[in-house]
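Here the protein sequences come in this chain order: E and G. Residue 1 is where the first sequence starts when you use my numbering, and the numbers rise one by one after that. Residue 235 is where the second sequence starts when you use my numbering, and the numbers rise one by one after that. No residue lacks a Cβ here, since even glycine has one placed at the ideal position from N, Cα and C. Small disclaimer: the values here were computed from a predicted structure and weren't measured. Just below is one structure, and these are the notes that go with it.
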Amino acid sequence: MSASAAPLVELAGVARTYAEGGAEEVRALRGIDLTLPAGAFVSVEGPSGCGKTTLLNLVGLLDTPTSGEVRWDGRPVGLRTDRERSRLRLETVGFIFQRFYLLPTLTAAENVELPMRALGRPRPERRARAVQLLRAVGLEERARAYPHQLSGGEEQRVAIARAVANDPGLLLADEPTGELDSTSARVVLDLLGRLRAERAATLVLVTHNPEVAARASRHLTLRDGRLVADRKEA
Amino acid sequence: MRRASTSRSLRHARWQSVLAVAAIASAVSLPVILVSVGGGVDAHEIASLEQTGYQVVVSAQGLHGIEGAHQDSAKLLALPNVVAVEPILSIAIDLFNRTGNVSAAIAEGIVPSQFGATLSPTERGLFSWPLALGDPNDTEHYADGAYDGPTSYDVLLSAPYAQMNQVTVGSTVVLSPTTNASLGVRYNVTGLFGPQGSLFEPAGAFAALVLLSNLQVLTDYARGSHTVVPDGADTIEVVVAPSTAESPSGLAGVEREVQAVLPSYTVTSVSSEAAELRSADGILTGFYLALSSVGLAVGLLFLALVLVRRVERDRRSIGIRRAIGLPQRSVAASILEDGAILAAAGGTVGVVAGVVVVEGLATWASSTVKEAAQLAIFAPAFLGELVVGVVALSVAASAAAVHVAWRVDLLEALR
C-alpha cells in the first residue's frame, strides 16, 4: 500500500469566530497566514484557549474559517462540499485526539479497521492491515480487547494505528500525550515520530508541553488567536 | 464488522433495546392472535357451509318468518332436480328436567324424513338414524294446517344438556316458550345427539330437536299471531340433485325455480353465502389490522424514541466517525440498521408470542374461547408479511433518529 502524498497546506488570512455577532462572540483565530509544506513536523504551542485546537480543526477540514482561505495543494477547500471534505479527510488526514476517542463498542482491531472499511477496502485486506498496524504499535496481542480493557497508553497507540490506517499524508495530533503518564507519553511520541518518518507524512502536533514540542522541527506559537512566532530548527 | 458492531451497540443499550422489542412484539402479537383466530373461525364456518347437504336456502329476511312452511316445502319438493326440502324453525326455549331445573336451549323444529339430507357428513354422524321423532313426514299432527292430529311429543336432546341435567332416554322434560313451566308441554326423551361434553353449535350447546308442527304449536307459529306467521319457519333448506348441484348454471336454474315458487322470500345459494362470508372475513381482517395499527404505531413511536435517545447518547461516537471521514449516510445506515434489527426482533417475538398465546388458549381456555382458538390458522405468508411490514415501517420510525444524527455538530460532539 503506497502512502498518500502529504498535501501542501496553506492558510491565508484565516479567522474563526464563534457565536459571531452575538453577545458572547469568541474570536478563536485572527488573520492566520501559514504554509505547512509536505513532510514537515510542526508543533503548535501556546496557552489554553489561544486557538491551537481551532487551528488544527481548520487544517484537518473539521471546520471552516469565518473568513480567509484554507488551500490544499493550491486549491481552496472551502469550495468543496461537506461530503467531499469527508472523503478528503478519510483519504488524507489522520487524527489523534487527546482523549483517544476510540469507539467503545468496537475492539482495538475493529477500531483500526474503521477508516479502511469506510474506504471500501476488502475485509481480509483490512483485517491483515489492522493486525500489521497493531503489531507496529506493539499491541498485536490486544487486538480483540475493547477500549475499556486497555490502559490510556494502549488506547492512544490504538488511536495512532487507526490514524495511519489509510496511509494519510497529514497527521494531526491534538495533545496526544495530555492524558498519559510520562512513560506512556514517551512511547507514544516515539511511535508518532517513527510512523511520520516512515511515511514521509506531515505531522502537526498541538501541545503546551515544551518537551513534547521539542521533538518538532518547526514551532508555531499562538496567543489570543494570533500566530506570534514561527520558529524553524536549524 | 458492521453487523457485529451493531449487535454490540444494541447490547450496549440493553434495556432500551429490550423495551423497544417488547413494545413492537406486543403490538405485533395482537394481529397475530386476532387474524389467526378470526380467520380460523371464519374458515371453519365457510368449510362447514360448503359441506352442508343443502345448496339453496329460502329465508324471510325482514319478515316474521316463512308462512305455510309445510305447503311451501311440498311445492319445492315437487320441483325437478330437488331431492329434499327441510323447513326449519329455530327458537330459544326453556327446558325443565325432572327436578324442575330450568335451562335455556335452542329448539329446532324439523321434518325428520328430510333432515338427514340437509346435513354434512360430520353432522350426520352426530345422530342415530332414523330419528326417533315419531311421524317422519310431520303430516299427522300438522293435519293440513288443522294441527288437530295425533302426535307423540318426542324430543331429541343434545348430549351436553342431558349430561349436565341427568336426563336419560326414556325420561321426560318440559319444553316451555317462557320460564313458566306451566305454559310448557311435557315431552318424551327418545334419543340424544352429539358427542358428550362437546358443542352442537357455539350458541347451542343445549339443544332440542322436535317435530316442526310441535314447535309451531308450542310457540304460536302454528296459528300465527300479530308477531308471527301461521305454519311458520325461519328457513327452508333445499337439497339439489348432485348432478345439478355440481353445475353452477344448473344450480342457478334451481334457484330461479325456487324463487318463482316463493317470490316473497329471499332465495340464496350456499355458495353465495360462503362468498359473502369470505368477503366479511376480509373486512374483518382489515378491521383487526386497523385496530392493531394503533398498537403498532405506539410500538414504532417507542422504537423511534429509543433510537433518538441512542443517537443523543452516541453523539461522540457519531462525531468520531465523521471526524475520521465516514460519510453521514454511513451513520444514517447504521441507525436504520439498528431500527430494522429491533423491529425484526420485535416482529419475530410478537409472532411467536401470538402463536404461544393462541396455543395456550386452545389448551387451557374455557369452552367457546378454547374451541375458537383450536380453529386458529397461522398463515406463514401473513406472518411473514407482518414482520416484513414492521421492518419496513421501522425505516419511518428511524427517520427521526437519522434526522437528529444528521444535525449533530461535529466539533460540539468531539468537545
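Measuring only between beta-carbons, confirm whether residue i sits less than 7 Å from chain E.
{"i": "G/A639", "result": "no"}
{"i": "G/A509", "result": "no"}
{"i": "G/S251", "result": "no"}
{"i": "G/D276", "result": "no"}
{"i": "G/L644", "result": "yes"}
{"i": "G/S632", "result": "no"}
{"i": "G/S551", "result": "yes"}
If you measure from the beta carbon of residue i to each beta carbon in chain G, is any gap under 7 Å?
{"i": "E/A23", "result": "no"}
{"i": "E/R223", "result": "no"}
{"i": "E/Y18", "result": "no"}
{"i": "E/S48", "result": "no"}
{"i": "E/F100", "result": "no"}
{"i": "E/L11", "result": "no"}
{"i": "E/L90", "result": "yes"}
{"i": "E/R83", "result": "yes"}
{"i": "E/L205", "result": "no"}
{"i": "E/S151", "result": "no"}
{"i": "E/S86", "result": "yes"}
{"i": "E/L171", "result": "no"}
{"i": "E/A216", "result": "no"}
{"i": "E/L103", "result": "yes"}
{"i": "E/F41", "result": "no"}
For residue i, which residues in the same chain have their Cβ closer than 7 Å to its Cβ, ignoring the five residues on either side in sequence?
{"i": "E/D33", "result": "L11, A12, G13"}
{"i": "G/V625", "result": "A574, A577, A578, G581"}
{"i": "G/E491", "result": "L313"}
{"i": "G/N448", "result": "G343, H375, T385, Y387"}
{"i": "G/Y522", "result": "P265, L268, V269, G272"}
{"i": "G/E301", "result": "V463, P464, D465, G466"}
{"i": "G/G418", "result": "F330, V408, L409, S410"}
{"i": "E/T221", "result": "E45, G46, V228, A229"}
{"i": "G/F361", "result": "F427"}
{"i": "G/L595", "result": "V603, K604, A607"}
With a threshold of 6 Å, establish whether the CB of residue i neighbours any heavy atom of the ligand COA.
{"i": "G/G302", "result": "For the ligand COA, the structure offers nothing, since it holds no ligand at all."}
Name, in chain order, the residues that DSSP records as bridge partners for residue i.
{"i": "G/I470", "result": "G/V292, G/P321"}
{"i": "G/T406", "result": "G/N422"}
{"i": "G/S392", "result": "G/F427"}
{"i": "E/H219", "result": "E/S43, E/R231"}
{"i": "E/P207", "result": "Here the sequence assigns Thr to residue 207 of chain E, which means Pro is not the residue at that position. According to DSSP, which records beta bridges pairwise, E/T207 is partnered with nothing at all."}
{"i": "G/R547", "result": "None, per the DSSP bridge assignment."}
{"i": "E/R226", "result": "E/R223"}
{"i": "G/T478", "result": "Partner(s): none; G/T478 has no beta bridge."}
{"i": "G/T500", "result": "G/S293"}
{"i": "G/V444", "result": "G/G343"}
{"i": "G/T412", "result": "According to DSSP, G/T412 bridges with nothing at all."}
Sorted by chain position, which residues of the same chain lie with C-beta nearer than 8 Å to residue i's C-beta, five sequence neighbours on each side aside?
{"i": "E/P7", "result": "A38, W72, D73, T92, G169, L170, T202"}
{"i": "G/L518", "result": "G272, D276"}
{"i": "G/D515", "result": "G272, G273, D276, A277, I280"}
{"i": "E/V59", "result": "V9, L11, L36, V70, L170, L172, V204"}
{"i": "G/L648", "result": "R550, G553, I554, A557"}
{"i": "G/T406", "result": "R332, R420, Y421, N422, V423"}
In its own chain, which residues sit with a C-beta less than 6 Å from the C-beta of residue i, not counting the 5 before and 5 after it?
{"i": "E/A108", "result": "R142, A143, A145, V158"}
{"i": "G/W249", "result": "none"}
{"i": "E/A161", "result": "V112, L133, L134, V137"}
Scan the segment 54 to 68 of chain E for residues whose Cβ lies nearer than 7 Å to a Cβ of chain G and list them as they occur along the chain. From the segment 54 to 68 of chain E, only N57, L62, D63 have a Cβ closer than 7 Å to chain G.
Unbroken alpha helix (DSSP H) runs of length 4 or more, entirely within the segment 270 to 348 of chain G: which are they? Entirely contained in the segment 270 to 348 of chain G, the alpha helix (DSSP H) runs reaching 4 residues are, in chain order, 303 to 311.
Could you list the residues in the segment 567 to 580 of chain G with a C-beta less than 8 Å from some C-beta on chain E, going in chain order? Correct list: empty, as no residue qualifies.
Would you mind listing the beta strand (DSSP E) stretches within the segment 66 to 144 of chain E that are 3+ residues and don't spill past its ends, in chain order? Every beta strand (DSSP E) of 3 residues or more that sits fully in the segment 66 to 144 of chain E is shown, in chain order, as 67 to 72, 93 to 96.
Contacting positions in the segment 118 to 141 of chain E - beta carbon closer than 8 Å to chain G: If the cut-off is 8 Å between Cβ atoms, the segment 118 to 141 of chain E has A118, R123 near chain G.
Inside the segment 5 to 74 of chain E only - beta strand (DSSP E) runs reaching at least 3 residues: Listed in chain order, the beta strand (DSSP E) runs fully inside the segment 5 to 74 of chain E are 9 to 18, 26 to 36, 41 to 45, 67 to 72, counting runs of at least 3 residues.
Report the residues of the segment 553 to 564 of chain G with a CB closer than 9 Å to any CB of chain E, ordered along the chain. The residues in question are G553, I554, R555, R556, A557, I558, G559, L560, P561, Q562, R563, S564.
If the cut-off is 8 Å on Cβ atoms, which residues from the segment 105 to 118 of chain E count as contacting chain G, listed in chain order? Listed by position along the chain: T105, L106, E110, E113, L114, P115, R117, A118.
What are the complete alpha helix (DSSP H) segments, minimum 4 residues, inside the segment 585 to 635 of chain G? If we require 4 residues or more, the alpha helix (DSSP H) runs fully inside the segment 585 to 635 of chain G come out as 601 to 608.
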